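Visitor:
Number of protein chains: 2
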Amino acid sequence: MTLAEENYLKAIFHLELESAGEVSTNAIAESMETKPSSVTDMVQKLAEKKMLVYKRYKGAQLTESGRKIAAGVIRKHRLWEVFLVEKLNFHWDEVHEIAEQLEHIQSEELITRLDQFLGSPDFDPHGDPIPDKHGVLKRTEKKLLAEIEKNHQGVCVGVKESSAEFLQYLDKKKISIGTKITVLGKEFFDGSMIIQVGSEQFFISHKIAENLYVQTV
Amino acid sequence: MTLAEENYLKAIFHLELESAGEVSTNAIAESMETKPSSVTDMVQKLAEKKMLVYKRYKGAQLTESGRKIAAGVIRKHRLWEVFLVEKLNFHWDEVHEIAEQLEHIQSEELITRLDQFLGSPDFDPHGDPIPDKHGVLKRTEKKLLAEIEKNHQGVCVGVKESSAEFLQYLDKKKISIGTKITVLGKEFFDGSMIIQVGSEQFFISHKIAENLYVQTV
DNA sequence: ACAAATATTTAGCTTTGCCTAAAAATAATA
DNA sequence: TATTATTTTTAGGCAAAGCTAAATATTTGT
Ligand SMILES: [Mn+2]
Ligand SMILES: [Mn+2]
Ligand SMILES: [Mn+2]
Ligand SMILES: [Mn+2]
């Protein structure tokens with residue numbers, strides 16, 4: 001697998017999680033910041049390699065092999081992110097770009113040993129689950145903060161977006177993984193909320209609330 | 001700099017250390033396991049980018065910028081090798097291929113932190129010096145075992161070749177960095193030697209002796 | 001059901017890095 | 001010095017991965 005092929009498989013894997021069924025050419029193009037015509041080319045090549053099944057004008061769906069490779073890349077990405085944060089003391093908003101590069105390093109043994117060195121972590125610094133060596137992703141029952149009702153609470157277990165801007169916003173608000181959040185008020189019109197974090201209470205927009213994963217206790 | 005460009009600069013850097021003056025197209029091609037015509041192409045491109053000066057039919061010579069980039073890649077390669085051996089417990093004959101990939105990861109900050117994490121090592125697992133962040137390589141006075149006279153001794157401080165085969169041979173003979181070696185006999189005809197390592201004494205060929213660096217005490 | 005809008009694919013080009021075969025320059029040798 | 005031999009460059013091509021513009025399909029709205 002080339003670097004480009006791995007990136008396509010990874011993107012399709014993520015898109016399949018978001019919504020079942022075939023993944024459209026346009027959706028792939030958007031998520032990879034490339035043109036639909038480029039996607040068609042690559043998707044045809046990956047179909048020939050049996051990494052996915054592709055039906056003209058319908059979309060792509062990963063095969064077992066394709067899914068395995070994608071999960072392997074994601075496993076590497078997330079393990080490296082743990083390394084960067086836990087061992088090199090990077091902040092969680094600084095690691096994604098570097099992991100985008102490290103995820104393509106080819107060596108089974110390296111990942112086996114890295115995993116061991118890190119104590120076989122289950123989650124990356126953004127709360128995302130790390131696939132096991134067979135590509136199996138354990139599903140956790142987490143929900144978006146936006147789904148929490150007034151006067152209920154949850155513990156932050158991850159972020160949906162992990163852009164530096166969003167993560168820095170969370171830092172400013174003292175929200176990180178493990179933080180307890182209570183919904184004090186919820187506006188039906190725009191989905192905005194008043195929440196309590198520690199001793200502070202403040203307003204957050206719907207956009208924030210639907211990018212934060214919590215687990216109810 | 002692309003991956004290919006970095007590899008060319010690195011190869012030329014190493015060749016310049018071996019013998020001063022311009023580096024020939026053929027020498028580069030051989031060391032990179034590619035064809036001379038490909039080298040001509042790349043060398044012309046690197047000359048346009050001011051990474052080296054190139055005179056047709058004469059060869060290439062790195063500029064200050066080129067040398068700096070090459071040293072940076074070598075610094076990364078060697079730091080990663082230290083990481084693999086010291087932290088992930090790889091054996092010294094297993095790390096080169098992986099470091100060939102890791103050396104191209106782009107992030108100043110990553111290398112700064114990795115260096116710190118490793119305790120700013122001066123040498124890699126093969127005894128090669130690690131350039132500092134400005135690309136400066138400190139020269140150490142080491143000689144080849146082949147240059148040591150009968151009845152003299154030295155401490156192994158590095159290897160010239162670092163192929164897995166050679167390193168495994170050294171393991172078998174219990175030679176590693178720090179090992180004391182005494183030359184008991186030397187055959188002028190073929191440069192072979194009888195040496196003492198610990199309590200064992202045995203025969204080594206000239207090829208072995210000229211790939212092992214020692215420091216005389 | 002048909003026209004308009006949208007999504008997707010195809011055709012044709014570009015760049016990077018490599019290759020082979022042929023031409024040109026330099027080095028070696030008789 | 002003249003002729004080989006070797007080294008290096010040039011010319012012409014190829015595969016990967018991208019792009020734009022044009023052609024087709026599909027979907028949507030009336
Ligand atoms: Mn990431
Ligand atoms: Mn992550
Ligand atoms: Mn190495
Ligand atoms: Mn080394």
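Which chain is which? The protein sequence lines are A and B, in order.
Under full-length UniProt numbering, the first residue of the first sequence is numbered 1, with each subsequent residue one higher.
Under full-length UniProt numbering, the first residue of the second sequence is numbered 1, with each subsequent residue one higher.
For glycine and all other residues, C-beta sits at the position ideal for the given N, C-alpha and C.
Please read all numbers here as calculations on a predicted model, not as lab measurements.
(1) Does the region 85–99 of chain A come within contact of the region 40–50 of chain A, defined as at least 3 CB pairs closer than 8 Å?
(2) Closer than 7 Å: is that where the CB of B:Asp128 sits relative to any heavy atom of ligand 4?
(3) With DSSP as the reference, please indicate the residues paired to A:Phe202 in a beta bridge.
(4) Taking only beta-carbon positions, decide if B:Ile105 is within less than 8 Å of chain A.
(5) Locate the alpha helix (DSSP H) running through B:Leu46, then write down its first and last residues.
(6) Relative to the C-alpha of B:Ser31, which candidate in B:Ile12, B:Leu46, B:Glu48 and B:Ser37 has its C-alpha closest?
(7) Please return the same chain residues whose Cβ sits closer than 7 Å to the Cβ of B:Tyr54, not counting the five positions on each side in sequence.
(8) In whole angstroms, give me the CA-to-CA distance for A:Arg56 and A:Glu16.
(9) If you follow the alpha helix (DSSP H) that B:Thr112 is part of, which residue opens it and which one closes it?
(10) Using a Cβ cut-off of 9 Å, which residues of the region 78–96 of chain B contact any Cβ in chain A, in chain order?
(11) With burial defined as no fewer than 16 other Cβ atoms inside 10 Å of the residue's Cβ, what is the status of B:Asn7: buried or exposed?
(12) Does the Cβ of A:Ala99 lie closer than 7 Å to at least one heavy atom of ligand 1?
(13) Can you find a C-beta in chain B that's less than 8 Å from the C-beta of A:Leu110?
(14) Check whether the Cβ atoms of A:Val197 and A:Lys160 sit closer than 8 Å, and answer yes or no.
(15) In chain A, which residues lie less than 7 Å from B:Leu102 when you measure between Cβ atoms?
(16) For the alpha helix (DSSP H) that A:Thr182 lies in, which residues bound it at each end?
(17) Does any CB atom of chain A fall closer than 8 Å to the CB of B:Arg113?
(18) Report the rounded CA-to-CA distance for B:Lys68 versus B:His134, giving the unit in angstroms.
(19) Can we count A:Pro121 as close to ligand 2, meaning its CB is less than 7 Å from some heavy atom?
(20) Under the rule that 16 or more other beta-carbon atoms within 10 Å means buried, what is B:Thr25, buried or exposed?
(21) Take the Cβ of B:Ser162 as the centre, count every other Cβ of all protein chains shown within 10 Å, and call the residue buried at 16 or more, exposed below.
(22) Which one of B:Leu184, B:Leu212, B:Ile194 and B:Leu170 has the shortest CA to CA distance from B:His91?
(23) Considering only the alpha carbon of each residue, which of B:Asn89, B:Glu97 and B:Glu103 lies closest to B:Leu9?
(24) Could you run through the region 128–147 of chain B and flag, in chain order, every residue whose CB is less than 8 Å away from some CB of chain A?
(25) With the cut-off set at 8 Å, would you say A:Ser213 and A:Gly127 are in Cβ contact?
(26) Give the C-beta separation of B:Pro129 and B:Glu81 to the nearest angstrom, bearing in mind that I take them to be a contact with Cβ-Cβ under 8 Å.
(27) Taking 8 Å as the CB-CB limit, is A:Ile98 close to chain B?
(28) Taking the beta carbon of A:Leu3 as the centre, do at least 16 other beta carbons fall within 10 Å, making it buried, or is it exposed?
(29) From A:Thr140 to A:Ser19, what does the alpha carbon distance come to, in whole angstroms?
(30) For A:Thr182, which residues of its own chain have a beta-carbon under 7 Å away from its beta-carbon, when the five flanking residues on both sides are left out?
(31) How close, in whole Å, do the beta carbons of B:Gln206 and B:Gly185 come, if the pair is a contact with beta carbons under 8 Å?
(32) Just to make sure I have the definition right: I need the residues of chain B whose C-beta is within less than 7 Å of the C-beta of A:Phe189. Which are they?
(33) Given this structure, state the Cα-to-Cα distance separating B:Val97 from A:Ser107, to the nearest angstrom.
(34) Short check: CB of B:Ala70 to CB of B:Leu137, under 8 Å?
(35) Could you tell me the distance, in whole angstroms, from the CA atom of residue 220 of chain B to the CA atom of A:Ile74?
(36) If we call anything under 8 Å between Cβ atoms a contact, is B:Lys50 one with B:Ser65?
Guide: To lay it out plainly:
(1) No contact exists between the region 85–99 of chain A and the region 40–50 of chain A.
(2) Distance from the C-beta of B:Asp128 to the nearest heavy atom of ligand 4 is below 7 Å.
(3) A:Phe202 is bridged to A:Ile195.
(4) Yes, contact with chain A.
(5) B:Leu46 -> alpha helix (DSSP H) spans Pro36 to Glu48.
(6) Checking every option, the nearest Cα to that of B:Ser31 belongs to B:Ile12.
(7) Within the same chain, B:Tyr54 has close Cβ partners Val43, Gln44, Ala47 and Ala60.
(8) Per the coordinates, the alpha-carbon of A:Arg56 lies some 18 Å from the alpha-carbon of A:Glu16.
(9) Element bounds for B:Thr112: Glu108 to Phe117.
(10) Residues of the region 78–96 of chain B that bring their beta carbon within less than 9 Å of a beta carbon in chain A comprise Leu84, Lys87, Leu88, Asn89, Phe90 and Glu94, in sequence order.
(11) So B:Asn7 counts as buried.
(12) The answer is yes for A:Ala99.
(13) Interface residue, yes.
(14) Contact: no.
(15) Those are Ile105, listed as they occur along chain A.
(16) Looking at the DSSP string, A:Thr182 is not in any alpha helix (DSSP H); the run it does join, the beta strand (DSSP E), is Lys180 to Lys186.
(17) Yes, B:Arg113 lies at the interface with chain A (some Cβ there is under 8 Å from its Cβ).
(18) Their backbone Cα atoms lie some 7 Å apart in a straight line.
(19) Ligand 2 has no heavy atom closer than 7 Å to the beta-carbon of A:Pro121.
(20) B:Thr25 is buried by the Cβ-count criterion.
(21) When all chains shown are included, B:Ser162 counts as buried.
(22) Comparing Cα positions, the closest option is B:Leu170.
(23) The closest CA to that of B:Leu9, considering only B:Asn89, B:Glu97 and B:Glu103, is found on B:Glu103.
(24) From the region 128–147 of chain B, no residue has a Cβ closer than 8 Å to chain A.
(25) The residue asked about is misnamed: residue 213 of chain A is Tyr in this sequence, not Ser. In contact: A:Tyr213 and A:Gly127 (Cβ atoms closer than 8 Å).
(26) Contact doesn't hold; Cβ gap of about 12 Å is too wide.
(27) Closer than 8 Å to some Cβ of chain B, the Cβ of A:Ile98 qualifies, so yes.
(28) By the neighbour-count rule (16 or more Cβ atoms within 10 Å), A:Leu3 is not buried but exposed.
(29) Straight-line Cα distance between these residues: approximately 17 Å.
(30) Answer for A:Thr182: Gln153, Ile195 and Gln196, listed in chain order.
(31) The sequence given here has His at residue 206 of chain B, not Gln. Contact doesn't hold; Cβ gap of about 13 Å is too wide.
(32) In chain order: nothing, as chain B lies at least about 43 Å away.
(33) Position check: residue 97 of chain B holds Glu in this sequence, whereas Val was assumed. Distance between the alpha carbons of B:Glu97 and A:Ser107 is about 9 Å.
(34) Taking 8 Å as the Cβ cut-off, B:Ala70 and B:Leu137 do not qualify as a contacting pair.
(35) The requested residue 220 of chain B is not part of the displayed model; chain B covers only 1 to 217.
(36) A contact, by the Cβ cut-off of 8 Å.
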